[in-house]
Amino acid sequence: MREFGRGLAALAVAAGLGAGALCLPVTPALAADSGGTQPMYRLYNPNSGEHFYTGNSHERDSLVRVGWRSEGTGWTAPTKSDTPVYRLYNPNAGDHHYTMSAYERDSLVKVGWNYEGIGWYSSDEEKVPLYRQYNPNARAGSHNYTTSKGENDHLVKLGWRAEGIGWYGVDASAKPAPAPELVAEGQFGEGCTWRLYDDGKLEISPTDGKSGTMAALPGVLDKEEVLRTTSIVIDRGVKAPADSSSLFALRDVDPFYFRVPLESIDASNLDVSGVTNMSGMFRGCEALSDLSPLASWDVSGVTDMSDMFSGCDASDLSPLASWDVSGVTDMSDMFSGCDALRDLSPLASWDVSGVMDMSGMFGVCAALSDLSPLASWDVSNVTSMYNMFSRCTLKDLAGIEKWDVSGVRDMAFMFSGCEALSDLSPLASWDVSGVTDMSYMFQSCTALSDLSPLASWDVSGVTDMEAMFGGCESLRDLSPLASWDVSGVTNMSGMFGGCDASDLSPLASWDVSGVTHMSSMFFHCALSDLSPLASWDVSGVTEMGGMFYSCSSLSDATPLNSWTLSSSVVTADMFDGCAEGIKTPSWYHEG
């Protein structure tokens, strides 16, 4: 059952009653498919003067047992609408407040109120108003809500202030939604109980009603139970284990055969203050889009957030804006595959100075086109940016021009598949002297035609350039690479495969004496003249298979007669697909 109970202990204290029994699960009017209704109960605290409203009969009965007065049904709420009513708690005064206004909600949170989630829903038909009154003299219970215009007017005569309509209910004669039925339950972790209902809600609560530590759900639920689960609600008192890796990664139960239907996780009450590992926590939750319940999480002790939201449908990261991630060292694949993610501005103020691994962090975020919010990130400790922005829709890289990447060793696949990327100028001043792997870095950047921003790069430490510009079909001019020191490179396989380059003279002075792999290096290029490569020292190369494959304009390869090849070199298909009747080097033997 959903539990807002942060304020319930204080409610008992305000009533002069024992607080120990009030670790209460609270069920709001959750959105459903049926368009049904449910009664909303009204209670009164005779000591504090507060009125309290809940749709949960268990919460109502628990409060009555400790001295609250039940005043029956206050109104009837819809179980489905487009208008949520937010519930907040004042830890100082000990009372609750309810509002449809997100602005009012956020304003109260800024001044110390606790946001407790959605309490219920307002009717979009707006036929039964709930009038709101304010008592300027009350310390607690300063607001009252009623469907009775007479009660509203009476309170105003007594000095209360009319504040219009708080929200809307529905006709009380409407048929209430049937209560969900329990279909499965069990105990897990240390002192926690899970209950699965036929409406798809999985409820997690402390077995003793006070506290417990949950465990990763993939090791608890079976496939049938996972396929039934559409929402998860965590009650107050539940703690996450220190190692919370894969905690909600339900797809791990059977990752190859089904899509997880989980749409929402209300984990606002989950205590994560002791967690150090959140790797894969929500991995594979394809339908999960709302991260707002995580806004108040204390993640200051976490060191590993790798794969945390990979494959989720989240588009709004604003709930994570205030997270303290200063202790995190691993953010690899954190948002990988979040297809709907467009706006990174909520992450602008994140302290990522301790992060060492950002590989795949935003990889395959197909809607991501703007990196400017990351301009102030301190990435000086990052060593891996492998696959970091692959297959995004970036056109330019504005925003990351001042990044200190001097500590990065791996940039393989970093911008691979960014088909719209055409402007590399923000990378001009990058210090890449420490990078050893640039394989596939710009592979399939089909709009890329200008490499001049990379002209001054110090690539002397790079050993792997496999397919670095492979598939860059708009790339013709290689002159910016003329002064590159490639003496340390061992793998150039597919480096320019699929490019439109026809002039190799900029590469004439390259020191390729350390290269062992050149297979498909110029596959399907527009080459017609190989004379610039005549002086290359390829004596150490062992793999040349398909090196000039499908270079249909190439009719004369005899400039390579001067090459001295290793006796073990593989040259299979080296000139296949070239101009018919091509003149091959004297050392070449087809097949």
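The sequence shown runs -31 to -1, 1 to 560 under mature numbering (1 follows the signal peptide of the UniProt record, and there is no 0).
Heads up, the beta-carbon is just placed ideally off N, CA and C, and yes, glycines get one too.
In the DSSP assignment, residue 113 falls outside any alpha helix (DSSP H) and within the unbroken beta strand (DSSP E) covering 112 to 115. For residue 119, the enclosing alpha helix (DSSP H) covers residues 118 to 126. In the structure shown, the three-state DSSP call for residue 355 is coil.
Rounded to the nearest whole angstrom, the C-alpha separation of residue 375 and residue 176 is 51 Å. Remark: three or more beta-carbon pairs, one from each stretch, lie closer than 8 Å, so the segment 471 to 487 and the segment 511 to 530 are flagged as touching.
Between residue 218 and residue 169, the C-beta gap is not smaller than 8 Å, which leaves the two residues out of contact. Cβ-Cβ distances below 6 Å link residue 300 to 274, 324, 327 and 330 in the same chain, with the five nearest sequence neighbours on each side left out; the list follows chain order. In terms of Cβ geometry, residue 83 and residue 124 do not form a close pair [threshold 8 Å]. Annotated as distal: residue 225 and residue 184, with beta-carbon spacing of 8 Å or more. Assignment of residue 228 by DSSP, reduced to helix, strand and coil, places it in the coil class. When only Cα atoms are considered, residue 278 and residue 256 end up about 11 Å apart.
Taking 8 Å as the upper bound for CB-CB distance, residue 442 and residue 466 are not in contact here, some 10 Å apart.
The closest CA to that of residue 439, considering only 70, 489, 446 and 400, is found on 489. Cβ atoms of residue 537 and residue 509 stay farther apart than 8 Å, at about 11 Å.
Annotation: the continuous beta strand (DSSP E) that includes residue 11 extends over 6 to 13.
If you look at residue 130, you'll find it in the beta strand (DSSP E) that goes 130 to 138. Taking all protein chains shown into account, residue 540 has 16 or more neighbouring C-beta atoms within 10 Å of its C-beta and is therefore buried.
For residue 344, the closest of 353, 5, 368 and 355 by C-alpha to C-alpha distance is 368. Contact check between the segment 25 to 39 and the segment 58 to 71: fewer than three CB pairs, one atom from each, fall below 8 Å, which does not count as touching. Taking 8 Å as the cut-off, the beta carbon of residue 181 is found closer than this to the beta carbon of residue 159. The Cβ atoms of residue 456 and residue 487 lie no closer than 8 Å to each other. By alpha-carbon distance to residue 405, the top candidate from 27, 554, 235 and 459 is 459. Within its own chain, the residues whose Cβ lies closer than 7 Å to the Cβ of residue 430, once the five positions on either side in sequence are excluded, are 402, 403, 404, 405 and 457, listed in chain order.
Nearest to residue 422 by alpha-carbon distance, out of 400, 449 and 317, is 449. Counting C-beta pairs closer than 8 Å gives three or more between the segment 359 to 367 and the segment 385 to 404, which meets the contact rule. With a 10 Å radius around the Cβ and a threshold of 16 neighbouring Cβ atoms, residue 133 comes out exposed.
Taking the Cα positions, residue 296 is about 21 Å away from residue 260. By alpha-carbon distance to residue 543, the top candidate from 503, 493 and 533 is 493. For residue 195, the uninterrupted alpha helix (DSSP H) run begins and ends at 192 to 197, by DSSP.
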